[in-house]
Amino acid sequence: MLHQGTKSAWTKGDAIGVVANHPVNPEVAAFRRSKEIFGYKTQTFRKALCIAGHILSCGALLLVFYWKPAWDVWANCVPCDLQEADIILLRTTDEFNIFSWKKVIWISLSALDHSVTAEEGSLLNKVIMKPELKVRCFQVQKIRYAWDGPGKQFRKVGVLEDGHSCAEMHSRFGSGLTSKEQDIRRAICGPNTINVEIRPVWKLLVKEVLSPFYIFQVFSVCLWLAENYVEYSVAIILMSLTSISLAVYDLRKQSVKLHHLVESQNNVLVKICRKQAGFQELESRHLVPGDTLVLEGGKTVLPCDALLISGQCVVNEGMLTGESIPVVKNCLPQDGGDTQPWHRSCAEDPKRHLLFCGTEIIQAKGDSEGPAKAVVLQTGFNTAKGALVRSILYPKPMNFRLYRDAIRFLMCLVGIAALGMVYAVCVFVLKGGKPGEVVKKTLDVITIAVPPALPAALTTGIIYTQRRLKRRGIFCISPQRINVCGQLNLICFDKTGTLTEDGLDLKGIVLVKGKSFQALHSFSSGHPLPWGPAFGAMVSCHSLLLLEGKTQGDPLDLKMFEATHWEIEDSEGKGGEWADVTVVKPGPQAEPGAGRGMAILQQFPFSSALQRMSVVARELGRGRHVFLKGAPEKVADLCRPETVPSSFTQELQLHTSQGFRVIGLAHKTLQAGMQVAPLTREEAESGLTFLGLLIMENPLKPETRPILEELSTARIRSVMVTGDNVQTAVTVARSAGLIPPASRVILVEAGARAGPPSACVTWSLLEECQETSVNMEGGSQNGAGRGQYHFCMSGSSYEVITRSFSHLLPKLLLNGTVFARMSPAQKASLVQELQKLDYFVGMCGDGANDCGALKVAHAGISLSEQEASMAAPFTSKVPNISCVPEVIRQGRAALVTSFCMFKYMAVYSVLQYTGVLLLYWQLNSFGNYQFLFQDLAINTLIGMTMSLNGASRKLVPYRPPAHLTSPPLLLSVVLNLVFGLAVQVCGFILVQKQPWYNPDSILSACTLGNASHAVELLEPAGSTLGAGGARNGSAGEEVAKSFRSYENTSVWLLCTISCLMVALVFSKGRPFRQPVYKNYVFVLVLLAQLGTCLFLLFANIEGLYAWMDLVCTPASWRITLLAMLSVTFAISFAVEEAVIENRALWSLLQKGLGHQPTSRYKLLRTALEKDPTWPPLNQTDFSGPVQIWARGSREVYSNPAFEDHEKQTGGLED
């Protein structure tokens, strides 16, 4: 039960925004996580008790508090109101419930002028405590939160208040801040830096060493060294140091890389406009929200998020989007009458006015009033780049059952060790053991039961897999994700650049003549397109720029413009009427008579929400026109109906069904004398004449279809998530094999309505495009049948369904194959919704608008090496999807290797543990070198070589088990333990029944020739009782007899060779790994180990036996031991192959026992198969009233200061 402090539920906004209400950056919006906040106050008496506990426990209590931060707070503090708290306890509200605590700090403003206060009513004014002039705050993951006294809540600082209208942004911040205002904001918000500390190696080492397992290893090594078990202690130290060093090296390398990525922007020299003081230059780290940047000069990297209020900028947002394409940013209009916040009152996408931190300003143009200016919105880690860096520094924990099962596995071994410790205490106490010996023997048991080499062995397997991936051009920066890849059963693919080629080819144009379409005009035919409105649209309706003598911009615009053979004229240095306009003129290869040129007077940029762009252009020497291009459906809606051919739908479907990307063109001629400047977008884009359809071809990559077929054969589901048109996406999906030819495609269209009900969803066959409204209660009258069907929908429909039809969303996702017109935030949301259905989701994209989805997926694979994809766990240098099955193959092999290693280590530890406990019954144990041979020569070498098996070349249609507690794995471990224990117990008992057995004489079974060496046999070198069991004692015959016995020799040989047999049985190859015989190193090591063991069994060399604490036995007994081992191996191997690996048998058992799947998507599929009304078809459903239920009965306080803009607008919410 959680201690109840004063709690406030709050959303930590990782996305950019002004107090979380500005338009968010979609690439990082997926990383919001909720936390609960509790107030605590330090109590002196409790603090003193804890300090005493730290001292008395020799630091053990401090270590426990390090692992359990909440216990630290509960022990030292008492709950209190947030207003009085000096310690803040935070708990995530996800499935991990991770605790952390932060100390409340005070920022003193007394050094500033006491007469100065922040703007009345502003957030900064609310967080300043008066008259003390102090600010209470704490910092979480690089973000500072200050206490808002009037609001009784902590609020994020480092951002500009979000309630300002467009007019207020110009009037209040257009001329900058005063010096005193800057000082206050700088003191409260902190420096404008994104500092990624290169953590010292010693700190990284300490953090790694303080993990629970390494602490246990330290305990084990200290105990062994105290008992003179030096050799294996040194080996474990070396292996652990190697494992830790590799982890530290990887962390350090990433830290340095990230540091170098962000450090350049921390000391940029910028020019700001200061109120009443004019322009001033200062370092970017001194910028504060509300400052006014002056943008001029050459290329520069923006050190903050800013809002452009005057002029125009051309920026490269490749750092955020992955596409190094110039983007034009326009200034925020001065709408004096609208009092809504500026981001809500914008006529176009608010991001058109935003300049993001880390993006490169290529060109900045001022206006008639002066240079371009931008108001600083966010600084430091609150910015877009800061959010991206934080998502890398603080990734969402990975919920993979293997790692939870690993903890349970270790806890089981600890439990077994506890039983052995009780047994050891009882045996040695009852038989009169000394207290010191009893303690040593008891502690030794736990070091045997819990394998110290397990972390190194698991790390080795992951390292081998990383190297195999690297050889195939796939780089992994998150090794723990490799095992997760073995469970992937759904892959989301971006379309353009991932499934299809990067570039677009211009196939042709279909012009309209009269009320009908003409034949397709192919640009490759050699016949030029005649001059006309369509040609004018192609040369002017684009956002291309001439930068450094090269035409740059969107690939679609570039292909369209290049087909005309026109060129953009360099207007640099020109004045007059062409100073601020783009002029295009015929190039040398252009056809004569194509016109003198065109000047683009005004541009309404492309908006993903509007799905179109338009320009106002003047034909040189002639009139002015409006040209528009965009999604054909949107363009047709804006045209006069009489200009749109009646066959528009059929013509559009004809081309989209062939996989072409279709762009609609339209235009109108403006009246002579009409002013262009006051022309609004709505006025410009009305009353248009439809010109025709521009046909672009985006062919599939040659690897796409075979790879998708391979995934389908392996029963790995593939989903397309694209920003392209629905029909084009569906056609590409059919061409790629995502949708089989015989399957039906059901188009799901959802939209908001004016009145209740607030939304509706329509279901129709895409090919038929017929919709029949029916009564909701009547169900589906014309369903899609029980055959295969696939849902497709647009991003807008997905958003409406998520908000108003949440009960339908899981059903749609179960068979949803094409998601078109999806924004970056919607892509990330889709991945998360699929994960909620218990899919293991992979995401493959080219880095363009896919970063959010790449990060939230179980395994994100980037085909781009841009900075935007640096946080993706996997990056492929091969720019096609062939990397996807390779990652899955290697992941499956790594996962199976991990299971094999866990199984082997468990059986090895318990077999050794049992052998020691058997000998404890006689107050005996294994000798020093017996333990060393098992631990080092057997266990360590097997751990290092068992993982060398490569991945199978074929993806089979099923996955490895997802967890260690699956029945086949548990049965395999239990049966092999039973076999191994039976052999040891039989050997221990049977040897005592042999006629030559004499417990008082270890030479009774030796020949006369052996007797001459009795003196040598009585002096075994280095024998000490203790261990990985009992490794101390005195020299001489007494100690020799205490170690060297017939039971010792028999049990040790049986235990050692049993471990080799188990390693071979568990080291399976197919179907997920290469056959074991192809792991040449492992086979050679196993043969060498087996040969050595057989040599020790039959050698009878007195000096060697003395060294290894063995005694000679008759040849018949040795053959008996070998026969016992051979029978056990045959049974174990047969059971493993005939029972454990028999999938058909387990399937029959599951059916016979009525086993039900636990995955949500499987349960849902079973339910839908029994539902005769699903899938619906030719019907329209309406939304009903929405009920929101609170989880739990306790009141939860929602802190609005941490809510995000997309949450309020139906966007992504984590």
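Residue numbers for the sequence shown follow this note's numbering, beginning at 1 and rising by one. Ideal Cβ positions, reconstructed from N, Cα and C, are used throughout, including at glycine.
- As the crow flies, the alpha-carbon of W202 is around 51 Å from that of A1134.
- The alpha-carbon of T643 is positioned some 49 Å away from that of K877.
- Around the C-beta of G508, 16 or more other C-beta atoms lie within 10 Å, and the residue is accordingly described as buried.
- For L205, the CB contacts under 8 Å within the same chain, skipping 5 residues up- and downstream, are I244, V248 in chain order.
- Shown here, A714 sits in coil according to DSSP, grouped into three states, outside any helix or strand.
- Taking a contact to require three or more Cβ pairs closer than 8 Å, the stretch 526 to 534 and the stretch 718 to 735 do not qualify as touching.
- Its chain contains V896, C900, V1076, E1136, E1141 as the residues whose beta carbon lies nearer than 8 Å to that of K1068, once the 5 sequence neighbours on both sides are disregarded; these appear in chain order.
- Taking the Cα positions, T359 is about 21 Å away from G845.
- A residue is called buried when at least 16 other Cβ atoms come within 10 angstroms of its Cβ; I194 meets this threshold and is buried.
- In this model, L1177 and H790 are separated by some 12 Å (Cα to Cα).
- Comparing alpha carbon positions, the residue from F1182, Y40, V983 closest to P756 is F1182.
- Setting aside the 5 residues that flank it on each side, R390 is surrounded in the same chain by D14, Q141, K142, F381, each with a C-beta closer than 7 Å to its C-beta; the list follows chain order.
- By the criterion of a C-beta distance shorter than 8 Å, D148 is surrounded in its chain by L123, K126, V127, F154, R155, A1201, once the five residues flanking it on both sides are discounted.
- Look at S1045 here: in three-state DSSP terms it is coil, with no helix or strand label.
- Restricted to the stretch 293 to 376, the alpha helix (DSSP H) segments that are unbroken, complete and at least 4 residues in length are 318 to 321, 342 to 345, listed in chain order.
- Residue environment for G842: buried (at least 16 other C-beta atoms within 10 angstroms of its C-beta).
- In the DSSP annotation of this structure, the continuous segment of the beta strand (DSSP E) that includes F690 starts and ends at 689 to 697.
- Around the beta carbon of K299, a 10 Å sphere encloses fewer than 16 other beta carbons of the protein chains shown; the residue is thus reported as exposed.
- As for any alpha helix (DSSP H) of minimum length 4 sitting wholly inside the stretch 1107 to 1182, the runs are 1115 to 1135, 1143 to 1152, 1160 to 1169, ordered along the chain.
- Only buried fits W566, as 16 or more other CB atoms lie within 10 angstroms of its CB.
- Of all C-beta pairs linking the stretch 615 to 630 to the stretch 456 to 476, fewer than three are shorter than 8 Å, placing the two stretches out of contact.
- For D505, there is no enclosing alpha helix (DSSP H); the residue is part of the beta strand (DSSP E) that begins and ends at 505 to 513.
- In chain order, Q182, R185, R186, C189 place their CB closer than 6 Å to the CB of V288, counting only its own chain and leaving out the 5 sequence neighbours on each side.
- Taking 8 Å as the cut-off, the beta carbon of K271 is found closer than this to the beta carbon of V294.
- Counting only residues of its own chain and dropping the five nearest sequence neighbours on each side, E231 has a CB closer than 6 Å to the CB of L932.
- The stretch 55 to 92 contains, as complete beta strand (DSSP E) runs of 3+ residues, the segments 77 to 79, 87 to 92 (chain order).
- Annotated as distal: K152 and A85, with beta-carbon spacing of 8 Å or more.
- Cβ-Cβ separation between A599 and R618: approximately 5 Å, consistent with a contact (criterion under 8 Å).
- Shown here, H286 sits in a helix according to DSSP, grouped into three states.
- Residue range 795 to 804 is occupied by the alpha helix (DSSP H) that includes I801, with no beta strand (DSSP E) assigned at that position.
- DSSP places S614 within a strand segment (E or B) once states are collapsed to three.
- The C-beta distance from P303 to I362 rounds to 16 Å, too long to fall under 8 Å, and the pair is not in contact.
- With a beta-carbon spacing of about 12 Å, Y908 and V1065 fall beyond the 8 Å limit used to define contacts.
- Distance from the CA of M129 to the CA of G39, rounded to the nearest whole angstrom, comes to 19 Å.
- For G630, the uninterrupted beta strand (DSSP E) run begins and ends at 624 to 630, by DSSP.
- Y1161 and Y839 have their C-alpha atoms spaced approximately 7 Å apart.
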